[in-house]
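Under my numbering, read the sequence shown as residues 721 to 900, first letter to last.
Ideal placement from N, C-alpha and C gives every residue a C-beta, glycine not left out.
Just so it is clear, the structure is predicted and the values come from calculations on it, not from any experiment.
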Amino acid sequence: MRITKENTSALFIDFQEKLFPAMDEKELLLKNTKILVEGFNVLSITPIFTQQYTKGLGETIEDLKVLVPGFSAFEKTDFSCLGAEGYVDFLSLHQFRNIIICGIEAHVCVLQTAVDLKDAGYNPIVVTDCITSRSKISKIGAMDRFRFENIMMATCESILFELTRSAKAPEFRAISKLVK
Numbered sequence: 721m722r723i724t725k726e727n728t729s730a731l732f733i734d735f736q737e738k739l740f741p742a743m744d745e746k747e748l749l750l751k752n753t754k755i756l757v758e759g760f761n762v763l764s765i766t767p768i769f770t771q772q773y774t775k776g777l778g779e780t781i782e783d784l785k786v787l788v789p790g791f792s793a794f795e796k797t798d799f800s801c802l803g804a805e806g807y808v809d810f811l812s813l814h815q816f817r818n819i820i821i822c823g824i825e826a827h828v829c830v831l832q833t834a835v836d837l838k839d840a841g842y843n844p845i846v847v848t849d850c851i852t853s854r855s856k857i858s859k860i861g862a863m864d865r866f867r868f869e870n871i872m873m874a875t876c877e878s879i880l881f882e883l884t885r886s887a888k889a890p891e892f893r894a895i896s897k898l899v900k
């Protein structure tokens, strides 16, 4: 299946102030996720954010918030983003079919969201270098489950170039600069 900009949304799960510092390889995660957000901005794909129990885990980290004009986030207490009030309505309203997913933690909120999206008839695509957990083994376990569930996985660079489609695309130069 080819992933195109049409009918595609980008979901950034729980990059929060009190959760993020405990993540494995958080510096690389942040670097890749910033590239992804900036790439989606170039491609005119609005990054959608969620926050798990904001009162306890804090806001989305500032490094990402500043990259999104008019930043807002869907609040949730369910681990799956499909339990966030208004998120399913948002997907239906815009008729998105492909949902590109990144976030934390890979083995909890990212996994449950991807499985629920697939069960609901969407095409979840997990960006493997933009997910992590507190431990490597938890991320590896999540990726094993994605394979078992036939959930597509891609890297940040791969998904950005697939959405760009061609070196002739007007966004190509900007995307190329981001990934170098």
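(message) If I measure Cβ to Cβ from glycine 776 and keep anything under 8 Å in the same chain, skipping five residues before and after, which residues do I get?
(response) Hits under 8 Å: Lys738.
(request) Please say whether cysteine 822 and phenylalanine 732 have beta carbons closer to each other than 8 Å? (result) With respect to cysteine 822, phenylalanine 732 sits close: the two C-beta atoms are nearer than 8 Å.
(message) Do threonine 875 and leucine 763 have their beta-carbon atoms positioned less than 8 Å apart in this structure?
(response) At the C-beta level, leucine 763 and threonine 875 stay beyond 8 Å of one another.
(message) Quick check on the DSSP output: what are the complete alpha helix (DSSP H) runs of length 4 or more inside the segment 827-870, in order along the chain?
(response) Those alpha helix (DSSP H) runs which fall completely within the segment 827-870 and span 4+ residues are 831-839, 856-868.
(message) Contact between the segment 775-792 and the segment 737-752 is defined here as three or more beta-carbon pairs at a separation below 8 Å; is this criterion met?
(response) Touching, yes, given that three or more Cβ pairs across the two stretches are closer than 8 Å.
(request) Note down, one range per segment and in chain order, each alpha helix (DSSP H) of at least 4 residues found wholly within the segment 747-821. (result) You should have 774-777, 782-785, 807-814.
(request) With DSSP collapsed to three states, give me the class of threonine 728. (result) In the structure shown, threonine 728 sits in a strand (DSSP, three-state: E or B).
(request) Within 10 angstroms of the Cβ of leucine 772, are there 16 or more other Cβ atoms? Answer buried if so, exposed if not. (result) Checking the sequence shown, residue 772 turns out to be glutamine, not leucine. By the neighbour-count rule (16 or more Cβ atoms within 10 Å), glutamine 772 is buried.
(message) Taking only three categories from DSSP, how would you classify alanine 742?
(response) Residue state, collapsed to three classes: helix.
(request) Kindly indicate which residue of Phe794, Glu758, Val899 has the alpha-carbon position closest to the one of glutamate 805. (result) The candidate whose alpha carbon is nearest that of glutamate 805 is Phe794.
(request) Using the Cα positions of cysteine 801 and arginine 893, report the straight-line distance between them to the nearest angstrom. (result) Straight across, the Cα-Cα distance linking cysteine 801 with arginine 893 is about 33 Å.
(message) Going by DSSP, what residue range makes up the beta strand (DSSP E) through alanine 874?
(response) Unbroken beta strand (DSSP E) run through alanine 874: 872-874.
(request) Check each candidate in Gly790, Leu837, Ser896 and name the one with the smallest Cα separation from serine 812. (result) Restricting attention to Gly790, Leu837, Ser896, the CA atom closest to the CA of serine 812 is found in Leu837.
(message) Just to confirm my understanding: we take phenylalanine 769, look at its own chain, exclude 5 residues before and 5 after, and list those with CB closer than 6 Å. What are they?
(response) Within the same chain, Phe732, Thr780, Ala793 come within 6 Å of phenylalanine 769 by CB-CB distance, once the 5 residues on both sides are set aside.
(request) Would you decide whether isoleucine 767 is buried or exposed? Buried here means 16 or more other CB atoms lie within 10 Å of its CB. (result) In the sequence on display, residue 767 carries proline and not isoleucine. Under the 10 Å beta carbon count, proline 767 is surrounded by 16 or more other beta carbons and is classified as buried.
(message) Quick check on this structure: which residue in Ala730, Val835, Ile824, Ile820 has the alpha carbon closest to the alpha carbon of lysine 746?
(response) Of the candidates Ala730, Val835, Ile824, Ile820, the one whose C-alpha sits nearest the C-alpha of lysine 746 is Ile824.
(request) Compute the Euclidean distance between the alpha carbons of isoleucine 820 and alanine 889, then round it to the nearest angstrom. (result) Their Cα atoms are separated by approximately 21 Å.
(message) Going by DSSP in three states, isoleucine 733 sits in which element: helix, strand or coil?
(response) In the three-state reduction of the DSSP assignment, isoleucine 733 falls in the strand class.
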